[in-house]
Amino acid sequence: MIEARHITKTFGTLRVLDDLSLSIGPRRITGLVGPNAAGKTTLAKIILGLTKADSGTLEIDGTPIGADDAYRSRIGYMPQMARFPENLSARELFEMLTDLRRPARPVDDELVERFNFGGALDKPIRTLSGGTRQKVNAVIAFLFRPDLLILDEPTAGLDPVSSGILKDKIFAEKAAGTTFLLTSHIMSELDELADDVAFINEGKVAFVGALAEIKRVTRQSNLERAIAEMMKRGAAA
Amino acid sequence: MKVTAKVARYEIRDVIRSRWLIGYTLFFLLATDALFRFGGGGEKALLSLVNIVLILIPLVAMVFSTVYLYAAREFIELLLAQPIKRRQVFAGLYIGLTLPLSLSFVVAVSVPFILHRGIASAQPGTFAALLLAGIALTLIFTALAFLIVARTEDRIKGLGLAVAVWLFLAVLYDGLVLLLISIMADYPIERPLIGLMLANPMDLARVALLLQFDVAALLGYTGAVMQKFFGRAIGVTVTSLALAVWVFAPLLAGMRAFQKKDF
Numbered sequence: 000m001i002e003a004r005h006i007t008k009t010f011g012t013l014r015v016l017d018d019l020s021l022s023i024g025p026r027r028i029t030g031l032v033g034p035n036a037a038g039k040t041t042l043a044k045i046i047l048g049l050t051k052a053d054s055g056t057l058e059i060d061g062t063p064i065g066a067d068d069a070y071r072s073r074i075g076y077m078p079q080m081a082r083f084p085e086n087l088s089a090r091e092l093f094e095m096l097t098d099l100r101r102p103a104r105p106v107d108d109e110l111v112e113r114f115n116f117g118g119a120l121d122k123p124i125r126t127l128s129g130g131t132r133q134k135v136n137a138v139i140a141f142l143f144r145p146d147l148l149i150l151d152e153p154t155a156g157l158d159p160v161s162s163g164i165l166k167d168k169i170f171a172e173k174a175a176g177t178t179f180l181l182t183s184h185i186m187s188e189l190d191e192l193a194d195d196v197a198f199i200n201e202g203k204v205a206f207v208g209a210l211a212e213i214k215r216v217t218r219q220s221n222l223e224r225a226i227a228e229m230m231k232r233g234a235a236a
Numbered sequence: 000m001k002v003t004a005k006v007a008r009y010e011i012r013d014v015i016r017s018r019w020l021i022g023y024t025l026f027f028l029l030a031t032d033a034l035f036r037f038g039g040g041g042e043k044a045l046l047s048l049v050n051i052v053l054i055l056i057p058l059v060a061m062v063f064s065t066v067y068l069y070a071a072r073e074f075i076e077l078l079l080a081q082p083i084k085r086r087q088v089f090a091g092l093y094i095g096l097t098l099p100l101s102l103s104f105v106v107a108v109s110v111p112f113i114l115h116r117g118i119a120s121a122q123p124g125t126f127a128a129l130l131l132a133g134i135a136l137t138l139i140f141t142a143l144a145f146l147i148v149a150r151t152e153d154r155i156k157g158l159g160l161a162v163a164v165w166l167f168l169a170v171l172y173d174g175l176v177l178l179l180i181s182i183m184a185d186y187p188i189e190r191p192l193i194g195l196m197l198a199n200p201m202d203l204a205r206v207a208l209l210l211q212f213d214v215a216a217l218l219g220y221t222g223a224v225m226q227k228f229f230g231r232a233i234g235v236t237v238t239s240l241a242l243a244v245w246v247f248a249p250l251l252a253g254m255r256a257f258q259k260k261d262f
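From first to last, the protein sequence lines stand for chains C and U.
For the first sequence, numbering that gives the first Met the number 0 gives the first residue as 0, with consecutive numbering after it.
For the second sequence, numbering that gives the first Met the number 0 gives the first residue as 0, with consecutive numbering after it.
Printed below as a string of structure tokens:
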């Protein structure tokens, strides 16, 4: 689905991505893990065209990104921090995005019902709590039935019930053929959700493979310990 | 173009509900009303209004736009993640800010003006020039704010820069021009002075406006030179053209920076 080759990105003197190459398979959930500031969010933003790589190529289903903006109609994005225009309501925001994207298929508002917003959808967004905003953020990501969903810390700020609803939705859409790229600091969550894991450290892919594979090579029973082991080995090497 | 209009439409909905914009409208409404009530004839009230417009509009356009754009950073990211062009997002955001700001100024000044029958005593052309100058200053200083925000990552620095630019153009610039005049008193500096006036949009707007009134004393040095050099008709044309350049130069520079920017 996504083919990144030799991507380098520097911010000032800081080399965030250093000749990174990564292949992400279709219809799978790939978890991006790595220490803070390893370049996970930067990679997600390069896929979306929000940030431009200094060098390297990125293809989605064989088409290089950059020439045309239409490829983004296939992508849903749930950014890490959900901040929206303060005086609009969530419903107006959904209307706006629908208006901008003009989707061919009817929108997927299953999450609107499942999250049980009550009257919150019609209140100005500035009055909503952080968790409610994150739910709005999740609804937007799934709204246009994308082929590829990029979720950056999706469950941050969600209560266990909402977090469960979101995870169920992720599994359901994966079964329906959606590809996921997921970052999270909660390893147990990735353990539960991910099929593949890409461990990014210092701007490079240190390991990529199936979830079971990383556990096998590190001889650990869960992802958290496996990643910790990887980081220790990386420090020793 | 359609996408631009859609971005602008929703942004306008957001901006017109902002307390700051409501306060800005009320201020102009009350100030204009008070000037007409206590300031005597229409012409005098208009002159006082000119001074408020020249100082306040640039400040509000600059600070309001800068604060709004920094606060909307994550929302702009969300827009850029949609299948639309950056150029369309930029243009939509610009229209979405300048339209409510200009409109609230025009309405807040026109309502008391009409109610007090100011049109009858003052030249309607002068009043129209005041409205146009206010709109031009809104367009210029919002464009400058877009340029600053697109090029400055740190919001405190960006806001500081916006205020500094306003302070320089509104206050320091005239002082520097006066200093230059007193130092160069023995030389013919009329031409360089016109250059200096064209380089400051607030000076430009002042001269363009005061050329409308028959008050040479209020024109200041650059204005007097302007009138002497060009006369009224050409003076108005030159200042209007220069104001248009002042809208498009920062706007295009801001658009370029926005297109290249990493979000």
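Note that the Cβ used here is the ideal one computed from N, Cα and C, for glycine as well.
Just so we're clear, the structure is a prediction, and the values are computed from it rather than from any experiment.
8 Å Cβ cut-off: residues of chain C touching residue i
| i | result |
| --- | --- |
| U/Val2 | Leu99 |
| U/Arg150 | By Cβ distance, chain C contributes nothing, its closest Cβ being about 14 Å from U/Arg150, past 8 Å. |
| U/Phe74 | Arg82, Phe83 and Pro84 |
| U/Leu175 | Ordered by position in chain C, no residue passes the 8 Å Cβ test against U/Leu175, which lies about 34 Å from the chain. |
Length of the line joining the Cα atoms of residue i and residue j
| i | j | result |
| --- | --- | --- |
| C/Phe194 | C/Thr29 | The identity of residue 194 of chain C in the sequence shown is Asp, whereas the question assumes Phe. When rounded, the distance between both Cα atoms is 6 Å. |
| C/Arg121 | C/Gly163 | With the sequence shown as reference, residue 121 of chain C is identified as Asp, and Arg is not the correct amino acid for it. If you take the alpha carbons of C/Asp121 and C/Gly163, they lie about 24 Å apart. |
| C/Arg149 | U/Val162 | At residue 149 of chain C the sequence reads Ile, which differs from the Arg that was named. Taking the straight line joining both Cα atoms gives about 38 Å. |
| U/Leu20 | C/Thr126 | 19 Å |
| U/Ser263 | C/Asp60 | Since the first residue shown for chain U is 0 and the last is 262, residue 263 of chain U is missing from the structure and cannot be characterised. |
| U/Leu78 | U/Pro249 | 23 Å |
| C/Gly137 | C/Ala81 | Just to set this straight, residue 137 of chain C is Ala in the shown sequence, not Gly. Taking the straight line joining both Cα atoms gives about 9 Å. |
| U/Pro57 | U/Ser17 | 19 Å |
| C/Phe170 | U/Thr137 | 50 Å |
| C/Asn200 | C/Arg14 | 12 Å |
| U/Ser101 | U/Ala184 | 40 Å |
| C/Asn115 | C/Phe83 | 20 Å |
| C/Lys168 | C/Leu110 | 8 Å |
| C/Val216 | C/Gly202 | 22 Å |
| C/Ala140 | C/Leu92 | 12 Å |
| U/Gln81 | C/Leu222 | 33 Å |
| U/Val246 | C/Pro123 | 33 Å |
| U/Val164 | U/Leu251 | 18 Å |
| U/Arg255 | U/Val88 | 13 Å |
Cross-chain neighbours of residue i in chain U, by beta carbon under 7 Å
| i | result |
| --- | --- |
| C/Lys69 | Looking at the sequence itself, residue 69 of chain C is Ala, so the reference to Lys does not match. What C/Ala69 touches in chain U: Pro82. |
| C/Leu96 | Gln81 |
| C/Pro105 | Per Cβ cutoff of 7 Å: no residues; C/Pro105 is ~18 Å from chain U at best. |
Spatial neighbours of residue i in its chain, beta-carbon cut-off 8 Å, leaving aside the 5 residues before and after
| i | result |
| --- | --- |
| U/Leu98 | Ala7 and Ile11 |
| C/Glu152 | Gln79, Thr182, Ser183 and His184 |
| U/Leu92 | Val6, Ala7, Glu10, Leu68, Ala71, Ile75 and Phe145 |
| C/Ser88 | Leu120, Asp121, Lys122, Pro123 and Ile124 |
Own chain partners of residue i with C-beta closer than 7 Å, once the 5 adjacent residues on each side are dropped
| i | result |
| --- | --- |
| U/Ala90 | Thr3 |
| U/Phe27 | Phe104, Ala107 and Val108 |
| U/Ala263 | With chain U running from 0 to 262 in the structure shown, residue 263 of chain U is simply not present. |
| C/Glu188 | Thr154 |
| C/Ile226 | Val32, Met186 and Phe198 |
| C/Met229 | Phe198, Ala205, Phe206 and Thr217 |
| C/Gly233 | Asn200 and Ala205 |
7 Å Cβ cut-off: residues of chain C touching residue i
| i | result |
| --- | --- |
| U/Phe262 | Lys44, Leu49 and Thr50 |
| U/Ala71 | Pro84 |
Other residues of its chain near residue i: CB distance less than 6 Å, five sequence neighbours each side excluded
| i | result |
| --- | --- |
| U/Val176 | Leu195 |
| C/Pro25 | Met0 and Thr178 |
| C/Asp18 | His5 and Thr7 |
| C/Lys44 | Thr50 |
| C/Gly129 | Gly156 |
| C/Leu180 | Thr29 and Ile149 |
| U/Ile147 | Gly157, Leu160 and Ala161 |
| C/Glu2 | Ser22 and Glu58 |
| C/Thr131 | Ala119 |
Assumed close pair residue i, residue j - CB separation to whole angstroms, cut-off 8 Å
| i | j | result |
| --- | --- | --- |
| U/Tyr69 | U/Gly157 | 6 Å |
| U/Ala149 | U/Gly253 | 5 Å |
| U/Phe112 | U/Thr24 | No, U/Phe112 and U/Thr24 are not in contact; Cβ-Cβ is about 14 Å, not under 8 Å. |
| U/Ser330 | U/Thr125 | Given that chain U is displayed from residue 0 to residue 262, the structure contains no residue 330 of chain U and the question cannot be resolved. |
Contact list for residue i against chain U, beta-carbon separation under 9 Å
| i | result |
| --- | --- |
| C/Leu150 | What C/Leu150 touches in chain U: nothing, since even the nearest Cβ is about 12 Å away. |
| C/Ser72 | Gln81 and Pro82 |
| C/Pro78 | Glu73, Glu76, Leu77 and Ala80 |
Chain U contact residues for residue i, given Cβ-Cβ distances below 8 Å
| i | result |
| --- | --- |
| C/Glu91 | Tyr9 and Arg12 |
| C/Pro102 | Residues of chain U passing the Cβ test: none, with the nearest at roughly 10 Å. |
| C/Pro245 | As shown, chain C starts at 0 and ends at 236. That puts residue 245 of chain C outside it, with no answer to give. |
Interface partners of residue i on chain C, CB under 9 Å
| i | result |
| --- | --- |
| U/Ser17 | Glu85 and Asn86 |
Closer than 9 Å to chain D by CB, residue i
| i | result |
| --- | --- |
| C/Phe10 | Going by chain labels, chain D is absent from the structure shown, which instead holds the protein chains C and U. |
Worksheet item: the segment 34-58 of chain C: which residues have C-beta closer than 7 Å to a C-beta of chain U, in chain order?
Response: Lys44, Leu47, Leu49, Thr50 and Lys51
Worksheet item: Which of the residues in the segment 28-47 of chain U, read from start to end, lie with their CB under 8 Å from any CB of chain C?
Response: none
Practice prompt. Output, in sequence order along the chain, the residues in the segment 127-159 of chain U whose CB is closer than 8 Å to any CB in chain C.
Written response: none
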